[in-house]
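In the numbering used here, the protein residues as written are 337 to 481.
Written below as structure tokens is the structure these notes are about.
Right under this line is the structure:
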């Protein structure tokens, strides 16, 4: 069972009052994988980090261009790097208690077991279906947006 430090209890006080200690403990132990950090993915990632999960791993190998900075608050600092790499420090600032990282490796049957939740945005129906099947096969919660 996850126990809260004094800093965590202070930071998540409103959330604990809203949905209770058990729900916050569940969040604090969650390891989340998000595939794609476009505008919708950025909002999802922001809310995941602010909720206080254990870790957030981003996968988005697309390269940031100047055209992306106007539509995505996580990508305003650098161009020429991947979406995932660029988003990590901007998310980490929001909650230093959450481990935020990026990966260059997409989910597979070998890597999915380290996550409790998988979220994908801006995908195709076939991509959603394949990822849903993989998550179900391994008992991982799945969210497609």
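All residues carry an ideal CB built from backbone N, CA and C; glycine is no exception.
For clarity, every value in this text was computed on a predicted model and none was experimentally measured.
Quick test of your reading: residue i and residue j, contact by CB under 8 Å. State the CB separation rounded to the nearest angstrom.
| i | j | result |
| --- | --- | --- |
| residue 372 | residue 457 | 5 Å |
| residue 377 | residue 434 | About 16 Å separates the two Cβ atoms, so there is no contact after all. |
| residue 418 | residue 397 | 5 Å |
| residue 395 | residue 420 | 6 Å |
| residue 455 | residue 399 | Their Cβ separation, rounded to whole angstroms, is 22 Å, which puts residue 455 and residue 399 out of contact at 8 Å. |
| residue 445 | residue 470 | 7 Å |
| residue 481 | residue 380 | 7 Å |
Considering residue i, what are the terminal residues of the beta strand (DSSP E) in which it resides?
| i | result |
| --- | --- |
| residue 448 | Taken as a continuous stretch (DSSP letters only), residue 448 belongs to no beta strand (DSSP E), as it is neither H nor E. |
| residue 370 | 367-371 |
| residue 479 | 477-480 |
| residue 454 | 453-456 |
Can you tell me which of the options puts its alpha carbon nearest to the alpha carbon of residue i?
| i | options | result |
| --- | --- | --- |
| residue 393 | 401, 453, 340 and 412 | 453 |
| residue 432 | 344, 480, 374 and 408 | 344 |
| residue 443 | 349, 436 and 370 | 370 |
| residue 427 | 439, 409 and 478 | 409 |
| residue 478 | 429, 366 and 402 | 366 |
| residue 439 | 351, 391, 385 and 461 | 391 |
| residue 459 | 342, 404, 374 and 382 | 374 |
| residue 339 | 354, 465, 382 and 360 | 360 |
Starting from residue i and walking both ways along the alpha helix (DSSP H), at which residues does that stretch end?
| i | result |
| --- | --- |
| residue 346 | 342-347 |
| residue 471 | 461-474 |
| residue 338 | That residue, residue 338, is in no alpha helix (DSSP H); it is neither H nor E in DSSP. |
Can you give, in chain order, each stretch of the alpha helix (DSSP H) that sits fully within the stretch 373-412 and has at least 4 residues? For the stretch 373-412, the full-length alpha helix (DSSP H) segments reaching 4 residues or more read 375-387 along the chain.
Three-pair Cβ contact test at 8 Å for the stretch 470-477 versus the stretch 443-451: Yes: the two stretches touch, three or more of their Cβ pairs being nearer than 8 Å.
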